[in-house]
Amino acid sequence: DVVGPIAVGDREAEIFLGREVVQRREVSERTAELVDTELKRLLGEAYERARVILTEHRDQLDRLAAALLERETLDREEVDLVVAGRTLPPLMPPSVPPAPASASPAEAGKDKAAARGPVLGSPPPEPAGA
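Residue numbers for the sequence shown follow our numbering, so the first one is 330 and each next one is one higher.
Structural data, given as C-alpha cells:
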C-alpha cells in the first residue's frame with residue numbers, strides 16, 4: 330500500500346539477454362527504492378507466513394510425504410484421509426484380465442498368427458482375362 334497500484338518496469342522487452350549500456354529510467358530513484366523496499370517487505374511477510382503454516386502443520390506434511398513415497402500419487406480423498414490422520418486403504422494390485430485357456434502352446438501360437446493376418450498382406454487382384 331506504500332507505493333499503490335503502479336506499473337514499474339521496461340515498456341519494451343530486450344531482444345538480447347544482455348542489457349544495453351545506456352538505459353533510460355522510467356521511474357525516479359526514490360520510487361525505485363520504495364518499490365524495492367515494499368517488495369522486500371511483502372516477500373518477507375509471505376515467507377514468514379508460509380514458514381509458520383508449515384511448522385504448525387509439520388505432522389500432516391510428514392504423513393503426506395510418507396504416503397507419497399509409498400504410493401507416488403494420491404487422489405483428493407486419499408490426501409484428505411492422510412491430512413486427517415486416518416489410515417489409507419490397502420493398495421490393490423492392478424487387475425490383469427485372465428488369459429484365455431488354450432489346449433496347447435502350439436495352438437495358442439496359431440491363434441495369434443491367425444489374428445494378425447497374413448505377413449505380406451493380400452495378393453494384388455489379377456487383371457481380367459490374364
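Backbone N, C-alpha and C fix where the C-beta goes; we use that ideal spot for every residue, glycine too.
From Leu393, Glu401, Pro456, residue whose alpha carbon lies closest to that of Asp409: Taking the Cα of Asp409 as reference, the smallest distance to any Cα among Leu393, Glu401, Pro456 is reached at Leu393.
Reference Thr416, options Gly373, Ser357, Pro427, Ala395, closest by Cα: Residue Ala395 is the option with its Cα nearest to Thr416.
Val323, buried or exposed, once every other Cβ within 10 Å from all chains shown has been counted against 16: The structure shown does not extend to residue 323, since the chain is modelled only from 330 to 459, so the question has no answer here.
Contact belief for Val332 with Leu363 at Cβ below 8 Å, rounded distance in angstroms: Confirmed, Cβ separation roughly 5 Å.
Whether Leu397 touches Leu403 by CB criterion (8 Å): A Cβ-Cβ contact shorter than 8 Å links Leu397 with Leu403.
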